[in-house]
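Numbering (my numbering), first residue to last: 113 to 643. Beta carbons are placed, not taken as given, at the ideal position from N, Cα and C, and that holds for glycine.
Pasting the structure below:
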């Protein structure tokens, strides 16, 4: 008992004045500090502006987006069509990010609390577990990529590191040098996880300065040295096998959406610290659509230039660094990619898991503890084995949006259509009573409408997902084609079914008239006591 008392997290209270409150006393919200709504300025830490939010997406851009066009071009889709598909994918996912980000900016709540409105106080565990699994896996793979960046940097400083002796067997799927660099990166990364999420804006502000300069420099080198855009841009669409061009296009679109499907859910974790909801909406749409797409174009340009300059074709930016004669250039390029990996792990992965574990175990886990638990689980997953021995695992991560699309569809349809953007904030923190718990609306904290809609939305894409993970299984061609647009299909199906169930089986309480919250009510919040 004493140990539990030591590790338990004390609660704080917030006095919340609802718009229909009959007195100035308001309602008292009791909860873990990191879960409570973030007060607006000047009391609260809502200091994120347009540049900080743009830096968030630029940090994401220089990562998986660089190689996102590779599979589509290799499959036979022309670079022009590939870029168009990627742009379309980013537009679609940016709308979801803007919609969910607006909720965080207005109400000051994070994703797990936001999901309580549609899934229920207990039902939200379904949504957060879906997101946490993907985030833990991505944390491990990003850390492994960061370790490879460290290896390039060490080889640039000390060339003899290339001959570092390997004492591990082939079955380990990693060399001694790679494993050493992995843990060097891991140790460097650990202290940065201590930075509170509200202070991450400084990291993203740094990224918005460094990464565009690096991107334009890399672009200038590629075009200047190759005397043009190279042969890749001259390729037309050549469909290999019997796959229609439309399916290749949709697959490229889905590849662009997949890494961002997690962020489309956990974006309120960051926008709750934003100054203005309007800034959140337009910054998300612009920054995700333009800079992130430009990074995908950069990948095509550099790959094409490398084919001209060195006579080889590679989509791996670290392999490009090793081809340069300038060791300084290789070092700084690898450093920039390492910074991108760290920023992605903090923002998209560890923070997401921290918030998810915090809602599941609020008495014992805050966001920092959750982030370090994510770091431990990320290493326990042995990402070097997953990346080097299981190509199907990469396919699994790419297709994991089959679980994330339905959650996004249910959240958006519930908030914007059913509730007309009105959330009952005190009820979101009221287990055992309130409209998100009681039997007349939800069943002991579970909204069966959301759970059934989520389950049914998996069915159209499930055969294609199974085939993507294991191509040896026999699955109908139609199912594979449907899966090429997995995220938008699952989002629309889940959202439509949720609306249908909510109108055909309406709860006892009106779903269009939440009784106690609009965005102005947040301006009346005040801290009652802090521990």
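Do residue j and residue i count as a contact pair if the criterion is CB distance below 7 angstroms?
i           : j           : result
residue 194 : residue 184 : yes
residue 456 : residue 254 : yes
residue 257 : residue 293 : no
residue 563 : residue 576 : no
residue 158 : residue 311 : no
residue 524 : residue 598 : no
residue 145 : residue 221 : no
residue 573 : residue 602 : yes
residue 380 : residue 226 : yes
residue 580 : residue 521 : no
residue 412 : residue 432 : no
residue 405 : residue 164 : no
residue 561 : residue 614 : yes
residue 198 : residue 408 : yes
residue 596 : residue 363 : yes
Is DSSP giving residue i helix, strand or coil here?
i           : result
residue 137 : In this prediction, residue 137 has a pLDDT of 47, which is less than 50 and means its spatial position is unreliable; nothing more can be read from the coordinates.
residue 405 : helix
residue 194 : helix
residue 333 : helix
residue 558 : strand
residue 427 : coil
residue 633 : Reliability fails at residue 633, whose pLDDT of 40 lies under 50, so the model's placement of it is uncertain and no value is given.
residue 552 : Since pLDDT at residue 552 reaches only 48, below the 50 mark, its modelled position is unreliable, and the value read off the structure follows with that caveat. Three-state result, residue 552: coil.
residue 162 : helix
residue 187 : coil
residue 597 : coil
residue 386 : strand
residue 381 : helix
residue 144 : coil
Going by C-alpha to C-alpha distance, which of the options sits closest to residue i?
i           : options            : result
residue 382 : 181, 428, 442, 463 : 463
residue 600 : 304, 368, 226, 149 : 368
residue 385 : 237, 370, 398, 213 : 213
residue 414 : 337, 516, 274, 592 : 337
residue 279 : 291, 435, 269      : 291
residue 266 : 445, 309, 162      : 445
residue 481 : 335, 493, 364, 465 : 465
residue 270 : 219, 618, 225, 442 : 442
residue 231 : 586, 557, 617      : 557
residue 286 : 528, 561, 494      : 494
residue 170 : 358, 578, 492, 396 : 396
residue 604 : 410, 319, 527, 519 : 519
residue 540 : 234, 166, 217, 178 : 234
Can you have a look at residue i and say buried or exposed, based on whether 16 or more other CB atoms are within 10 angstroms of its CB?
i           : result
residue 306 : exposed
residue 423 : exposed
residue 552 : Low confidence applies here, because residue 552 scores a pLDDT of 48, under 50, leaving its location unreliable and the question unanswered by this model.
residue 459 : buried
residue 567 : exposed
residue 237 : buried
residue 205 : buried
residue 332 : exposed
residue 612 : exposed
residue 617 : exposed
residue 242 : buried
residue 537 : buried
residue 272 : exposed
residue 77  : Any property of residue 77 remains undetermined from this structure, which presents the chain solely from 113 to 643.
residue 394 : exposed
Hey, would you say the C-beta of residue i is under 6 angstroms away from at least one heavy atom of the ligand MG?
i           : result
residue 571 : What this structure holds is no ligand at all, so the ligand MG is not there to describe.
Determine whether the Cβ of residue i lies closer than 7 angstroms to any Cβ atom of chain B.
i           : result
residue 272 : Although the question refers to chain B, the structure presented lacks it and comprises just one protein chain.
4 or more residues per run - each alpha helix (DSSP H) lying fully within the segment 436-483: DSSP assignment within the segment 436-483 yields the following whole alpha helix (DSSP H) runs of 4 residues or more, N-terminal first: 439-456, 463-472.
Unbroken stretches of the alpha helix (DSSP H), 4 residues or longer, contained in the segment 201-288: 223-231, 236-269
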